[in-house]
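Novice:
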Amino acid sequence: MGRIVFKNIHKAFGSKVVLRGVDLTVEPGAVFFVIGQSGAGKSVLVKHLIGLIEPDEGQIFLDDVEVTNLHEKDFYPIRKRCAMVFQNSTLFDSMTLLENVMLPIRKHLKLNKEEIRALAIEKLTLVGMEQFGDRYAADFGDGMRKKVAIARALTLNPEYVIFDEPTTGIDPISAAMVDKLIRHLADHHDVTSIVISHDLRSIFGIADRIAMLYKGKLIMDGTQDDFRNTDNPIIQQFINGRPEGPMEI
Amino acid sequence: MSNQKQAADPRMQEENDQSSAGLVSAFFAAIGEPIVYVTRTVKELSALFLVTIKYVIAGKRRPDEVVAQMFEIGNRSVVFIAVTLGFLGMILIYQAGFQAMKITGDLTLLGALFLQLLMREFGPTITALMIATRVGTGMAAELGSMVVTDQVDAMKMCAAEPIEYLVVPRFIASTIMVIVLTIVAVLISYLAGALTAYTAFDVNFRTYFDLGFVSYFDIIIGLTKALAYGMTIPIIACHAGLNVFGGSEGVGRATTQSVVNASLAVVVIDFIISGLGYVVLALF
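Listed below in C-alpha cells is the structure:
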C-alpha cells in the first residue's frame with residue numbers, strides 16, 4: 000500500500016471551472032479529510048482517483064503508478080483496491096440489502112454462491128445490518144442505507160476507501176458509529192480513508208490530516224492542530240461555522 | 000493641436016484594429032462553436048452506438064429487463080400514438096379530399112395515395128417524433144437522475160458496465176417497439192382516414208381500401224425508417240442522460256437536449272433514407 004498523489008488537477012464542466020490546479024498527497028494508513036464549502040470540488044477531486052472523472056489537466060498517482068486517463072477496464076483492479084461510499088448511498092432499490100452487498104463480490108471475485116453470501120453477511124454484520132439482509136433497500140431510510148453502502152464498499156477488503164459525506168443525514172449515534180468504523184479501519188486494517196465531510200465533530204474527532212479546498216484550489220493541508228491554530232480567516236470562518244467572514248457563499 | 004491630433008490618430012487606429020479583430024474572432028467563434036459541438040456529439044453518439052452493438056451481440060442477455068422496457072416504450076405509448084396518428088389521418092384525408100374536390104372532384108385515389116404516404120413517410124416519422132418526445136425524455140431523465148445521485152458511478156465501482164446494464168435493454172426494446180408502433184400507427188391512421196373519407200366525402204370503403212399504389216419498396220422504406228429511428232432515439236436519449244452534470248438543473252438540460260437532438264436526428268434520417276429510397280427506386 001502506497002501513497003496517493005494528485006498533481007496539478009484541473010477540471011471544468013462546460014463553462015463551470017471546478018478545480019484550478021490542485022496538488023495533494025495522501026499518506027498510507029491515514030484518515031485524510033477533504034473539507035470545504037459545497038461545490039468546492041471535493042467529490043470531483045477524489046473521483047479522479049478511481050476513474051469516475053477524467054481530469055482536463057494533471058496527473059494522479061497510486062503507489063507511484065500513474066492512473067490518469069486509463070481505459071475503463073484498466074480501472075477495475077484499481078476499484079477493487081480503492082472503494083467508494085457515495086454521498087447518496089446508491090443502493091439499488093430493486094435488490095435486497097444482501098444482493099446489494101453481494102454485487103461487487105459477484106463481479107470482482109470468483110467465488111461460489113455460498114461463499115459470496117457468507118462474505119456479504121460478514122460485511123453486513125460489521126455495520127449491524129445482518130438481520131435485515133433479505134429486505135429491500137427501498138424499505139430503509141438514509142442512515143441505514145448508508146451503513147449498507149459502507150458494508151458494500153468493504154466487501155473486497157479495499158486498501159483505500161473514499162467516504163463522501165458519510166455522516167450527512169444520519170443520526171448522531173449512527174454518525175459516531177461510522178466515525179468509529181473509519182478509525183478502526185485505519186488503526187487495525189491499515190486502510191487509508193479519504194473522507195469528504197462538513198461534519199466538524201467528525202473532522203476534529205478522527206482526522207489524521209485535513210486538506211481544505213476553496214474555489215477549486217487547495218488552501219491548506221495539515222493536522223487538526225494546524226487548522227485550529229492557523230490565522231487564515233477563511234479557514235477560521237469555516238471551522239468555526241461563522242456566517243460572517245471573508246468566505247464567499 | 001495638430002501634433003496632438005496626429006499623435007492620437009495611431010492610437011485610435013490601433014483601437015479600431017483591435018475592435019475589428021475582436022469582431023472577426025467573435026464571428027468565427029460563433030460559426031465554429033456549433034460545428035465543434037455537433038462534431039463532438041456525433042463522435043460520442045457513434046462511439047456509444049458501437050459499444051451498444053458490441054454488448055447486444057456479445058453481452059449478457061437480460062430478457063426480463065428488455066421485456067420491462069418494451070412494456071414501458073410500447074404498451075405505455077400505444078394510446079398516445081393511436082390518438083395522435085388517428086387524428087392526423089382524419090385531418091390529412093379531410094384536407095386532401097377538400098382540395099381534390101375543388102380541383103378535379105375525383106376521390107377514387109384518395110385511400111391508395113394516402114396509404115403510400117403513410118407507409119413511406121408519416122407512419123414511421125410521426126411515430127418516431129412522438130416516441131422521441133414521450134420515451135426519449137423519460138430515458139434521459141431516468142439515466143440523468145441516476146448520474147446525479149451517483150448510481151451510475153456505483154455501478155462502475157461494482158464493475159458493472161452502465162452501457163450494458165442501462166443502454167442495451169432500452170436499445171433492444173426501442174428497436175422492436177418502434178417498428179411495432181409504426182405498424183399500429185399506419186393501420187389506425189388509415190382506418191381513421193377511411194371513416195373521415197366515408198363521412199365527409201361519401202367515399203365508399205371498397206374504393207378507399209385500394210392497395211394498388213403500395214409496392215414492396217414502400218414497405219421496405221417504411222420499415223427501414225422505423226428500424227433506424229428505433230435505434231437512434233435510445234442512443235441519443237441515453238447519451239444525454241449519461242452525460243448529465245450539475246444536479247437537477249442538469250437533468251432538465253439533458254431532457255431538452257434529448258428531445259431536440261432526437262427530433263433533429265429523425266428528420267435528418269428521414270431525409271437520407273427517403274433520398275436513398277428514391278435513388279434505389281430509380282434503378283429498378
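Protein sequences appear in the order of chains A and B.
Once you know that position 192 of the first sequence is 191 in numbering that gives the first Met the number 0, the rest is easy, because the numbers rise by one and skip nothing.
Once you know that position 169 of the second sequence is 168 in numbering that gives the first Met the number 0, the rest is easy, because the numbers rise by one and skip nothing.
Backbone N, C-alpha and C define an ideal beta-carbon position, used for all residues, glycine too.
(1) So is Ala137 of chain A buried or exposed if we call it buried at 16+ other beta carbons inside 10 Å?
(2) Buried or exposed: which applies to Lys122 of chain A, given that a residue is buried once 16 or more other Cβ atoms fall within 10 Å of its Cβ?
(3) By DSSP, does Glu158 of chain A sit in helix, in strand, or in coil?
(4) What do you reckon, are the CB atoms on Ala148 of chain A and Ser88 of chain A nearer than 9 Å?
(5) I need the DSSP call for His197 of chain A, collapsed to helix, strand or coil.
(6) Alpha carbon to alpha carbon, how far is Glu56 of chain A from Arg19 of chain A? Give it in angstroms, no decimals.
(7) Are the beta-carbon atoms belonging to Ala11 of chain A and Val17 of chain A less than 9 Å from one another?
(8) What is the DSSP secondary structure of Glu26 of chain A, reduced to helix, strand or coil?
(9) Counting only runs that start and end within the region 22-97 of chain B, where is the alpha helix (DSSP H) found for 4 or more residues in a row?
(10) Is it buried or exposed for Cys74 of chain B, if we count other Cβ within 10 angstroms and need 16 for buried?
(11) Please work out which residues of its chain come closer than 8 Å, Cβ to Cβ, to Val43 of chain A, disregarding the five sequence neighbours upstream and downstream, and give them in chain order.
(12) Applying the criterion that 16 or more other CB atoms from any shown protein chain within 10 Å of the CB defines a buried residue, is Asn68 of chain A buried or exposed?
(13) Exposed or buried, which one is Lys145 of chain A when buried takes at least 16 other CB atoms within 10 Å?
(14) Among A:Gly244, A:Lys72 and A:Val66, which has the Cα closest to the Cα of Ala159 of chain B?
(15) Just the C-alpha distance for Ile220 of chain B and Ala131 of chain B, rounded to the nearest angstrom, thanks.
(16) With DSSP as the reference, label His238 of chain B as helix, strand or coil.
(17) Asp220 of chain A and Ala206 of chain A - do their beta-carbons sit closer together than 9 Å?
(18) Would a C-beta distance cut-off of 9 Å place Val177 of chain B and Met118 of chain B closer than the cut-off?
(19) Sorted by chain position, which residues of the same chain lie with C-beta nearer than 7 Å to Ala139 of chain B's C-beta, five sequence neighbours on each side aside?
(20) Nearest to Arg151 of chain A by alpha carbon, out of A:Ile172, A:Lys109, A:Leu125 and A:Asp133?
(21) Alpha carbon to alpha carbon, how far is Ser1 of chain B from Phe27 of chain B?
(22) Could you tell me if Pro161 of chain B is buried or exposed, where buried requires 16 or more neighbouring beta carbons within 10 angstroms of its beta carbon?
(23) Check the Cβ-Cβ distances between Gln86 of chain A and every residue of chain B, and say whether any is below 9 Å.
(24) Quick one: list the residues of chain B neighbouring Lys106 of chain A, beta-carbon separation under 7 Å, in chain order.
(25) Go ahead and pull the three-state DSSP assignment for Met246 of chain A.
(26) With contact counted as at least three CB pairs below 8 Å, one residue from each stretch, are the region 24-35 of chain A and the region 179-194 of chain A in contact?
(27) Of the choices B:Val167, B:Gly249 and B:Phe113, whose alpha-carbon is the least far from that of Ile52 of chain B?
(28) For Val166 of chain B, would you say it is in contact with chain A, using Cβ-to-Cβ distances shorter than 9 Å as the test?
(29) Please classify Ala25 of chain B as buried or exposed, where buried requires at least 16 other C-beta atoms within 10 Å of its C-beta.
(30) Are there 16 or more other CB atoms within 10 angstroms of the CB of Phe208 of chain B, so buried, or fewer, so exposed?
(31) Tell me the DSSP secondary structure of Ser1 of chain B in three-state form.
(32) Could you spell out the range, first to last residue, of the alpha helix (DSSP H) harbouring Arg208 of chain A?
(33) Ordered along the chain, which non-local residues of its own chain (more than five positions away) have a Cβ less than 8 Å from that of Ala196 of chain B?
(34) What number of angstroms, rounded off, separates the C-alpha of Met145 of chain B from the C-alpha of Thr181 of chain B?
(35) Is the beta carbon of Arg78 of chain A closer than 9 Å to that of Met156 of chain B?
Specialist: Reading off the structure:
(1) exposed
(2) buried
(3) coil
(4) yes
(5) coil
(6) 9 Å
(7) yes
(8) coil
(9) 62-69
(10) The question names Cys, but residue 74 of chain B is Asn in the sequence shown. So Asn74 of chain B counts as exposed.
(11) Lys10, Val17, Leu18 and Ile52
(12) exposed
(13) buried
(14) A:Lys72
(15) 20 Å
(16) helix
(17) no
(18) no
(19) Ala236, Ala239, Gly240, Ala253, Thr254 and Ser257
(20) A:Leu125
(21) In this prediction, Ser1 of chain B scores a pLDDT of 47, lower than 50, which makes its location untrustworthy; the coordinate-derived value is nonetheless stated afterwards. Roughly 39 Å separates the two Cα atoms.
(22) buried
(23) yes
(24) Cys157, Ala158 and Ala159
(25) coil
(26) yes
(27) B:Val167
(28) no
(29) exposed
(30) exposed
(31) For Ser1 of chain B, the predicted model reports a pLDDT of 47, less than 50, meaning its position is unreliable; a value from the coordinates is still stated below. Here Ser1 of chain B sits in helix by DSSP.
(32) Taken as a continuous stretch (DSSP letters only), Arg208 of chain A belongs to no alpha helix (DSSP H), being part of the beta strand (DSSP E) at Arg208 to Tyr213.
(33) Ile92, Gly96, Leu106, Leu109, Gly110, Val202 and Tyr207
(34) 30 Å
(35) yes
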